[in-house]
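Undergrad:
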Amino acid sequence: GVARAARAGVLVKGGAPLENLGALDAIAFDKTGTLTEGKPRITDVVPFGQTTEDELLEIAVAVERLSDHPLAEAIVRDGSQRLATAPARTATDLRSLTGKGVTARLEGKEIWIGKPEMFGADGIAPLGPDTEIAVAALRNEGRTLMVVRQGNKDLGVIGLLDTPRAKARETLTALRALGIRRMIMISGDHQKAAQAVAGQVGLTEAWGDLMPEDKVEAIKTLRAEAKVAMVGDGVNDAPAMATATVGVAMGAAGSDVALETADVALMADDLSKLPFTVGLSRQTRRIIRQNLFVSLGVVAFLVPATIFGLGIGPAVALHEGSTLLVVFNALRLLAWRGPREAA
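Pasting the structure below:
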């Protein structure tokens, strides 16, 4: 089974994860980079006061250039395109606030960039009234938001939108057909943004506003009720993946930490391989049961048969024949084709 999965571009780290995949009752998905392409784009730039759109983007690009978060990459990519020939500014002393945002220094001034929830907590001044209004309006449109602040002054809000993976809805439908009873999106993004994406891919449950430690607690809650897999791609997902019955990482887009933590890696970054792998796991479990039945059945027959006079030659032939049968039955997995491949 492990070899067959590898041929299909799925790395399974041993037999236990492969068996556990076939016993899953629930799957939790991260949003960004898992159910979505992980390539968000800037849709809204809302400056406040005397700040212009270009100034807001220049500051955001300078700071986020030091980060490797998918949202940071989107701000740098799209922001640089919008600024065109504007000279690049250089930020220093980047510090990440896990699951919230970043802070850095730009031209001697402290810059904060992060989700709205970062402000007003841990000694950080709360958002101003104009910012609150802009945040509420953009959230109603399902945007992912980054507030930019210089010192104690809110400079503006940047709205981003990610695109669901083309095969996400189809993949979830296939998993339901395999009997996965519960599928949930868990995201660090705001609840409304999470619900917007969940609706697009066909999920009815979306849990937003989750920090990495909250994702761990969510998985613990699910695991208390059923065997659960966690599918993710980022550093923030690694603790939850380690807590789940099976951790699944998006291989091509996944972080090194996520890949190291995961039990299964979808190396081609193809979410549609997940139903294939679950189906392969169930076929593997069936073949294991068949082989155990044959092996134990032959032994159960041979013991009394030899007592009642079965010769050693026929007994050995029957035993070795059953061994070959078990081997050939197991080799059938190498030729197993999932529903998608057989179509």
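Each step along the sequence shown adds one to the number in the working numbering, with nothing skipped, and position 263 is 1144.
Ideal Cβ placement from N, Cα and C applies to all residues, glycine included.
1. How many Å lie between Val1038 and Asn901 at the Cα?
2. Could you tell me if Arg1046 is buried or exposed, where buried requires 16 or more neighbouring beta carbons within 10 angstroms of its beta carbon?
3. Ignoring anything shorter than 4 residues or poking outside the region 1151 to 1223, list the alpha helix (DSSP H) runs there in chain order.
4. Need the endpoints of the alpha helix (DSSP H) that Leu1053 sits in, please.
5. May I have the straight-line CA-CA distance separating Val891 from Ala943, to the nearest angstrom?
6. At least one CB of chain B closer than 8 angstroms to the CB of Leu902: is that the case?
7. Can you check which of these residues, Leu1053, Glu934, Gly1113, is closest to Asp1150 by C-alpha distance?
8. Grouping DSSP H, G and I as helix and E and B as strand, with all else coil, what is Thr915?
9. Specify whether the region 1058 to 1069 and the region 998 to 1018 touch according to this definition: at least 3 beta carbon pairs, one from each stretch, less than 8 angstroms apart.
10. Over what stretch of residues does the beta strand (DSSP E) that includes Glu1106 continue unbroken?
11. Quick one: what does DSSP say Asp925 is sitting in, helix, strand or coil?
12. So Gly1037 is in the beta strand (DSSP E); what residue range does that whole segment cover?
13. Sorry if obvious, but does the Cβ on Gly1178 come closer than 7 angstroms to a heavy atom of the ligand FAD?
14. In this structure, how does DSSP classify Leu990 when only helix, strand and coil are distinguished?
15. Which residues bound the beta strand (DSSP E) around Met1122?
16. Are Gly1069 and Leu1091 close, meaning C-beta to C-beta below 8 angstroms?
17. Determine which residues share a DSSP beta bridge with Leu978 and list them.
18. For Gln931, which three-state DSSP category applies?
19. Can you tell me the Cα-Cα spacing of Val893 and Val1145, whole angstroms?
TA: Answer, in terms of the structure:
1. 44 angstroms
2. buried
3. 1154 to 1188, 1193 to 1212, 1220 to 1223
4. 1049 to 1058
5. 38 angstroms
6. Chain labels in this structure do not include chain B; a single protein chain is all it has.
7. Gly1113
8. helix
9. no
10. Unbroken run through Glu1106 is the alpha helix (DSSP H), 1093 to 1106; no beta strand (DSSP E).
11. strand
12. 1034 to 1042
13. In the structure on display, the ligand FAD does not appear, and there are no ligands present to speak of.
14. Reading the sequence as shown, one finds Lys at residue 990 and not Leu. Three-state DSSP puts Lys990 in a strand.
15. Careful: Met1122 lies outside any beta strand (DSSP E), inside the alpha helix (DSSP H) at 1119 to 1124.
16. yes
17. Gly982
18. coil
19. 5 angstroms
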